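A quick write-up on the structure given underneath.
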Amino acid sequence: MKKIMPLFFVLISTIYFSSARITTSKNFDYYFYNINTYDTPVYSNNTNEGIKNSFICYFPFKYENRIKNDFFMPKVRYENSSIKENLFRDIIIKNGDVFSFAFISSFKDTFFARFAPDLIMADTSYFLYPNMNFYNIDDFTKISVDFPRFSYLSLKEDSFEFILGRTQLSSGPLDYDLLLSNNAPYYDNMSLKVFFQNNIYYRFSMLSSVPFMSKEEYTYLFNHNIKEGYRNDFFNSLHLKNNNFEFSLNSLNHIGGKLPQLTDIFFKSNTGLFSINGKLSGYLNLYGEYAINYENYNSSFGIGIDKVFDFNSFKIRPYIEYYSVNKGIYKSTPYKSLFYRSIALSNKPGSRILFDYPFGFKYGENSNITTINLILGAKKGYFKIKYDFGNVEEKQLTSFDFLIKINLFYGNLEIGYTNLNFENIFSSFNINYTIKLDVGL
């Protein structure tokens, strides 16, 4: 597969290509233009990029008041993470930025590339030491080397879109899609979207996970005479839209311990997921997803209802979603479990954690979760409240997030509050003003 990727890239690059900048919720205007998007990634509403090469620096000035913290990331060497550790790590992803810079290149509205080493506090350091800004880095060993988190090359034409890099991906309209969601901080992926008509498109993604294994996994595989360390996943989706109804047929095919064949990639492998998701738009929007593991036939579902109020200068979206995720839909034997794996290296204290994120539902299997949300999106900022509650592996969970993001002179202001209660508690209030310095090259 490593030989196929550069050949495919060369082939695509010989076409008259076009692209656009990918936008995410880190952009202050994201929810004004994408308050009710179906799947991700989505492209920026900003057109006329021009021909541009830039070097951009981001300088965060932060204040964090940790109201309560009794969680500490484990000091381990090449051991698998738990769902609890994944959830607390999300707090670092949100609040732990220290400094970042990016090289970007664009060609009109037809090509965009971004490479961005973004430095954050290491997983074990964040919960032991005070948060850091770029101007008060007292110890570089407290910084994670897990970067970049968002770097890519993007090509966009009327008939196709192509992405190569490290981005987030999702398969449907739910916050936590069951087959493929933005649960992981990033996916190393090669993605292609082909438009057949205005209302039909096909999506394909190849996802590459870190092939490292824990000692227990090595022992299991060698005992079963599996000596190939491959780990590849392939996402296929056919999407149809007709007036007020959208509908997608999706598959996630997982191939571990061997090289994939064409049938594994495009149809069905030994283990994976099939899902159906859809959205019915009207006065109220109804949407949901049903997913099934086609190896063991364990299934799960998620449903949601929302309403978008458009006031021209701003938009408001209240919505509620419910998930019932059964045991066995993601977990299996080593290298057959449906997790996206990345590795995080911390030096103070020393730790090497294999973070396993379910490809789909954020809270993992054996879960029943309700999420209540309110978003207000404007051109110069947004306001967002999220409250998740329910049971995960028969343990009670509550999570509350509040965030205001405003575009100001030379940067963005963020005011946020986070409270996660799942066996341990972390609660903090944050103010972050990030200055952006853009230098043309």
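Here the sequence shown stands for residues -20 to -1, 1 to 421, where the numbers follow mature numbering (1 follows the signal peptide of the UniProt record, and there is no 0). Here a beta-carbon is modelled for each residue, glycine too, at the ideal position from N, C-alpha and C. Treat the numbers as computed from the prediction; the structure is a model and nothing was measured.
Buried or exposed: where does residue i fall if 16 or more other Cβ atoms within 10 Å of its Cβ makes it buried?
i, result
"Phe215", "buried"
"Arg57", "exposed"
"Asp118", "exposed"
"Thr251", "buried"
"Gln177", "exposed"
"Ile143", "buried"
"Tyr43", "exposed"
"Asp19", "buried"
"Ile47", "exposed"
"Gly420", "exposed"
"Ala(-1)", "buried"
"Tyr(-5)", "Any reading at Tyr(-5) must be qualified, since the residue scores a pLDDT of 37, below 50, and its modelled position is unreliable; the value itself is stated next. Classification of Tyr(-5): exposed, given that the 10 Å Cβ count is below 16."
"Phe339", "buried"
"Val78", "buried"
"Lys195", "exposed"
"His234", "buried"
"Lys(-19)", "Its pLDDT being 42, under 50, Lys(-19) is placed unreliably in this model, and the value from its coordinates should be taken loosely. Burial call: exposed."
"Gly391", "buried"
"Ser134", "buried"
"Leu232", "buried"
"Pro110", "exposed"
"Glu208", "exposed"
"Thr351", "buried"
"Asp376", "Looking at the sequence provided, one finds Gln at residue 376 rather than Asp. Exposed, since its Cβ has fewer than 16 Cβ neighbours within 10 Å."
"Lys6", "exposed"
Can you tell me where the beta strand (DSSP E) holding residue i begins and where it ends?
i, result
"Leu135", "Ser131 to Lys136"
"Ile405", "Asn404 to Gly420"
"Asp118", "Premise fails: Asp118 is in no beta strand (DSSP E) and is neither H nor E."
"Val174", "Tyr167 to Gln177"
"Ala164", "It is not in any beta strand (DSSP E) - Ala164 carries neither H nor E in the DSSP assignment."
"Tyr362", "Gly361 to Val372"
"Ala358", "Ser347 to Ala358"
"Tyr182", "Ile180 to Ser188"
"Phe225", "Phe225 to Gly236"
"Phe214", "Arg211 to Asn222"
"Asp98", "Asp98 to Ile100"
"Asn387", "Lys375 to Leu388"
"Glu208", "Segment: none, Glu208 is in no beta strand (DSSP E) and carries neither H nor E."
Whose C-beta lies closer than 7 Å to the C-beta of residue i among residues of the same chain, with five residues either side of it excluded?
i, result
"Asn179", "Leu220, Lys221 and Asn222"
"Lys359", "Asp9 and Phe12"
"Glu345", "Val305, Asn306, Lys307, Gly308, Ile309, Tyr310 and Lys311"
"Asp418", "Ser34 and Ile36"
Could you round the C-beta distance between residue i and residue j to whole angstroms and report it? I think they count as a contact, below 8 Å.
i, j, result
"Leu67", "Phe369", "Not quite, the Cβ-Cβ distance comes to about 13 Å (not below 8 Å), so this is no contact."
"Asp98", "Ser80", "4 Å"
"Phe175", "Ser139", "6 Å"
"Tyr23", "Lys136", "7 Å"
"Ser188", "Asn212", "7 Å"
"Arg69", "Phe382", "Incorrect: roughly 20 Å between the Cβ atoms, too far for contact."
"Asn276", "Leu253", "Contact flag wrong, Cβ pair sits at about 11 Å."
"Ser150", "Arg94", "Incorrect: roughly 19 Å between the Cβ atoms, too far for contact."
"Thr147", "Ile2", "6 Å"
How would you write the range of the alpha helix (DSSP H) that residue i sits in, first residue to last?
i, result
"Phe246", "Leu242 to Phe246"
"Glu196", "Lys195 to Asn203"
"Ser105", "Asp103 to Tyr106"
"Phe12", "Tyr10 to Tyr13"
If you drop the 5 nearest sequence neighbours on each side, which residues of the same chain put their C-beta closer than 6 Å to that of residue i?
i, result
"Phe127", "Pro97 and Asp98"
"Arg129", "Asp98, Pro165 and Tyr166"
"Val372", "Tyr343 and Ser347"
"Leu354", "Pro298 and Ile365"
"Phe380", "Tyr367 and Asn399"
"Ile296", "Phe289 and Leu356"
"Asn257", "Gly152, Ser228 and Glu269"
"Ile386", "Gly361 and Leu393"
"Ser124", "Ile100 and Ala102"
"Ser322", "Val190 and Phe335"
"Ile63", "Gly344"
"Leu318", "His234, Tyr310 and Phe339"
"Glu141", "Lys173"
Can you name, in chain order, every residue of its own chain whose Cβ lies under 8 Å from the Cβ of residue i, other than the five neighbours on each side?
i, result
"Leu266", "Lys259, Leu260, Ile283, Gly284 and Ile285"
Is residue i a contact residue of the ligand GTP, with contact defined as CB to any heavy atom under 6 Å?
i, result
"Pro298", "Absence of the ligand GTP is noted for the structure shown, with no ligands found whatsoever."
Query - Whole beta strand (DSSP E) elements within the region 24 to 81, 3-residue minimum - result: 31 to 49 and 57 to 60
Query raised in the report: Curious, which full-length beta strand (DSSP E) runs of at least 3 residues does the region 289 to 333 contain?
Result: 294 to 305 and 319 to 327
Requested in this report: Entirely within the region 258 to 286 and at least 3 residues each: give me those beta strand (DSSP E) ranges in chain order.
Outcome: 265 to 273 and 279 to 286
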